[in-house]
Structure formats: structure tokens, C-alpha cells
Amino acid sequence: MQKAALAKGLDVDIFATAAADATNKIQEKEIHTVLLGPQVRFMQKQFEEKLAPLGIPVDVINMTDYGMMNGEKVLDQAVNMIKG
């Protein structure tokens, strides 16, 4: 995702964290969107309930894009979520 962002001239901070530590990271950083790996898709509703009041959208990364490490498509997904 970082390479795709640089290629598109986007100044973004992209980071990954364990689902168990995500709440702490959300409090520490300015977050605009949260993408969950397919393996924790069962936690989507839980994250949505916590983040909806903050206006932070949550979605699950497409399994194929995740498996193929298609950073460009995942970046596009995040950008589209932010744009609404």
C-alpha cells in the first residue's frame, strides 16, 4: 500500500497492528479508516460499533487482494472509504 501511495503522490501513514492492539493505536494516532484482514472479518461489527461514533469507516480487505498483496487495490479501497 505504501508503494502504491507514493506512486500516486499520496502523503499517507499506513500501518498494521494486531486486532487486539487496534483500540490502543486508534487512540494514539489520527485514523481515517480501518481495514481488517479477512482472517478477522468476524470482528467487523465490533469495530464498527466502536468507530462509528468517531466517523471512522471499517471494512474487510478483499481476500484475493489480501492474499496477492495487491497494495494498489487495497489503497483504492481505503481512499474510497474515506471519500464516502
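If you read the sequence shown in numbering that gives the first Met the number 0, its first letter stands for residue 0, the second for the next number, and so on. Even glycine gets a Cβ: it sits at the ideal position worked out from N, Cα and C.
query: Mind checking F14: buried by the 16 CB within 10 Å criterion, or exposed?; result: exposed
query: Determine the direct distance from the alpha carbon of A6 to that of A51, and round the result to whole angstroms.; result: 31 Å
query: Three or more C-beta pairs closer than 8 Å, one from the stretch 37-55 and one from the stretch 67-78: is that the case here?; result: no
query: Which partner residues does L34 have in the DSSP bridge list?; result: D58
query: Could you check where the alpha helix (DSSP H) with I81 kicks off and where it finishes?; result: G70 to K82
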